[in-house]
Structures are given as C-alpha cells and as structure tokens.
Amino acid sequence: MVIIMKENATEENIRNVCEYVRKFNLSTHVVNGAERSIIGVIGNVEVLEDKPISAMEGVYDVVRISSPYKLVSRSAKPDNTVVRVKDVDIGGGNFVMMAGPCAVESYEQMIEAAKAVKKSGAKVLRGGAYKPRSSPYSFQGLEEEGLKILNAVGRETGMVTITEIVSSSHIDKVSKYADILQVGSRNMQNFELLKEIGKSKMPVLLKRGLSSTIEEWLNAAEYIMKEGNPNVILCERGIRTFETYTRNTLDLNAVAAVKNLSHLPVIVDPSHGTGRRDLIAPLSRAAVAVGADGLIIEVHPHPDMALSDGAQSLTPEEFDKVCSEVNKILLALKN
Ligand code: PEP
Ligand code: MN
Numbered sequence: 015m016v017i018i019m020k021e022n023a024t025e026e027n028i029r030n031v032c033e034y035v036r037k038f039n040l041s042t043h044v045v046n047g048a049e050r051s052i053i054g055v056i057g058n059v060e061v062l063e064d065k066p067i068s069a070m071e072g073v074y075d076v077v078r079i080s081s082p083y084k085l086v087s088r089s090a091k092p093d094n095t096v097v098r099v100k101d102v103d104i105g106g107g108n109f110v111m112m113a114g115p116c117a118v119e120s121y122e123q124m125i126e127a128a129k130a131v132k133k134s135g136a137k138v139l140r141g142g143a144y145k146p147r148s149s150p151y152s153f154q155g156l157e158e159e160g161l162k163i164l165n166a167v168g169r170e171t172g173m174v175t176i177t178e179i180v181s182s183s184h185i186d187k188v189s190k191y192a193d194i195l196q197v198g199s200r201n202m203q204n205f206e207l208l209k210e211i212g213k214s215k216m217p218v219l220l221k222r223g224l225s226s227t228i229e230e231w232l233n234a235a236e237y238i239m240k241e242g243n244p245n246v247i248l249c250e251r252g253i254r255t256f257e258t259y260t261r262n263t264l265d266l267n268a269v270a271a272v273k274n275l276s277h278l279p280v281i282v283d284p285s286h287g288t289g290r291r292d293l294i295a296p297l298s299r300a301a302v303a304v305g306a307d308g309l310i311i312e313v314h315p316h317p318d319m320a321l322s323d324g325a326q327s328l329t330p331e332e333f334d335k336v337c338s339e340v341n342k343i344l345l346a347l348k349n
C-alpha cells in the first residue's frame, strides 16, 4: 500500500501517519519527492482496510497495490485447482459440460433432458428448483419437489447434479439432494449466504453478479474460501451493458483475466450470457478457445414449452452439435 501525502503536508503529518500505521505491526518507508512525499506500507495491509487513513491530516490518497483477495489468487497458489465432485474433475485441463433445463418442471422433462445431454457428453445435470425470477408472477420453481426430481434423475443417470441455492437457511436441504450448489448472479454479494456455503464445504459454482467487477467477483469467492471451503468454481454468465440486442454481454475478457488472476476453474454460461438460442453455439466455441474449463448450457427437450428461459434453451439436437464442435476445438488446442 502506498500513502500519498499532500504537497503541503508537514513533517509532523508524515510522522503521525507512520506512527499510526506502525501500531498495526506494519513497516513504513518514506520517499521524499521534489513536490510531495509518499509512504510505502509493508506487511499485512488488510488490517488497514477499514481505517480512516485517507482522512488523516496531510494525506492526499491511499492506493492499494496488492490484491484484496488472497486465497483465490494465483500468486497464493500457482497450480490450477481441480474441484472433484464424485467422479467428475472440474478444472486443471478437465473440460466439463454442464447442461439441463433452466428449471426443473417435472420428472418426465428432467429424465428426457438428462438422457439426451448425457449422451452428448455432459457430466453435470443442471435444473433450478428455486428460481429467483425478476417478476414475482413468473414460475418460481418446484422447490423441494424439484430437488427430489433432480436427485432421482441424477441417481438414475449417474450424473452429478447442480442447482441454485437462494438462502442460507436452505443449505442442509439443498446439499442433501444436489452435488454442487449454484450461487446465482443476483446472490453473488449475499455475504451471509457465501459465508454459510464456505462453512458447509460443498462444491459451489459462483456466478458473476449482473453488474459486478472482476475484483468484486473474486472477493465473493474469497468469502467462501476464507471459511474453509476450497471447492469453488467460478462462472461467467454475462454482465449488464448498454446493449439490448442480447440479454447480457458475455464477458470473455473476464474469463482470460480471471484465469490469470486466480487458480480456480472458470465455467462459461453462454445461455444467460446471450439470452439467444442462435448465439449459444458461436459463444460456446469462443469460450473454449479463450480457456474456459467448461460450459453450462440450458437444454430443454421442448424449449417452446419451457416454463423459464425457453428462448435461450437449446434442443437436445442443437446441444449435441455444440458438444461436437467444442470437442473439435479442444482437440485442436491439445495438438
Ligand atoms: C440460471 O442459471 O438459471 C440463472 C438464474 O442464472 P443467473 O443467476 O446467472 O441469472
Ligand atoms: Mn435460466
């Protein structure tokens, strides 16, 4: 951390700041420039996070140089993290396809979807039982009944299951039925939920918030890891921009950046990232090329009858085509 002093800061101002900072077991290094002085602060500067240094007399600005997140950072752990869920490895060169309907609607819908996506190569079955919809009048999900269906279909097909968790009071219930907890975009900064998931040690897919920066997203992951849960998978699902043609703007910059900044696996969700069926295949191809560790794609046996997100859901045939294109790109990248 660097503390930049004002041009007219006095020797006493500089001394006061240094003495204050040293009280927290940090060391200081003062550099006197021609116009102003700067104070370099060395040590665990997190302790200063909530301290009012910028309000101290003579201080012009406080600039943090190191990242605020530690456990998720690649500098803390250079090797890629592999999250193992049952017999499925996610990350570290193991590309994983996750697919299934937006929402669990019935046993028949789920088993039809699961059998189809498994045949195309998906290892993880998705299906929301609690749906955080923008409108309270939209289908809210089958709740516990939906979890039971997902669980039954997962066991019947031998697939790993993932479903969204919307409240910390649901952790025991959702963990009983599903293998991976999904934290939705709208809950990325629900810090109490993140802390409880951290304590649970359950594998978790953390979606990026609709309007969250990369740093906020990684800090959210840090909340989970800080509580002792290393099984964190990140998911880029598009962000809000001025563009209205697509539902969101899939930020593939962030995928490449986060692969540099963090050791955690990164999954791409082109379904919510674009909101358009015709864009899922090209963006899936791009996600593979940019270095994603997997894809999560909405697939419905009858998209025109879907109770949620039908417009962005692929048919099983369309999904199968995406899978073979993805495999070709993966193979090309290996050679
Ligand atoms: C979903 O996966 O169906 C979902 C609601 O995703 P998001 O939280 O990214 O909007
Ligand atoms: Mn959806």
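Heads up: the sequence shown begins at 15 in my numbering, then just goes up one per residue. Note that the Cβ used here is the ideal one computed from N, Cα and C, for glycine as well.
- In this structure, L278 lies near G105, with their beta-carbon atoms less than 9 angstroms apart.
- Just measuring C-alpha positions, the residue of A295, L347, H316, E158 sitting nearest E339 is A295.
- The closest CA to that of E60, considering only G72, V44, K84, is found on K84.
- At least one heavy atom of ligand 2 lies less than 8 angstroms from the C-beta of S285.
- The closest CA to that of A306, considering only V280, V313, P284, P330, is found on V280.
- A heavy atom of ligand 2 is found nearer than 8 angstroms to the CB of Q326.
- Taking every residue with its beta carbon within less than 5 angstroms of a heavy atom belonging to ligand 2 gives, in chain order, C116, D323.
- For S134, the number of other beta carbons within 10 angstroms of its own is at least 16, and it is reported as buried.
- Fully contained in the region 123 to 208 are the following beta strand (DSSP E) runs of length 3 or more, in chain order: 138 to 140, 174 to 178, 194 to 197.
- The Cβ neighbour count for T258, taken over all protein chains shown within 10 Å, is under 16; the residue is labelled exposed.
- Contact between I194 and V180 is absent: CB atoms are separated by about 15 angstroms, not below the 8 angstroms threshold.
- Between the alpha carbons of L297 and V282 lies a gap of roughly 9 angstroms.
- Measuring C-alpha to C-alpha distances from K213 to each of A192, E26, E71, M239 identifies M239 as the nearest.
- Between P315 and A130, the C-beta spacing is below 9 angstroms.
- Contact annotation: the region 94 to 102 does not touch the region 22 to 42, with fewer than three C-beta pairs closer than 8 angstroms.
- Taking the CA atoms as reference points, S51 sits about 20 angstroms from G57.
- Each of D186, E178, E206 was checked against the Cα of Q196, and the nearest Cα belongs to E178.
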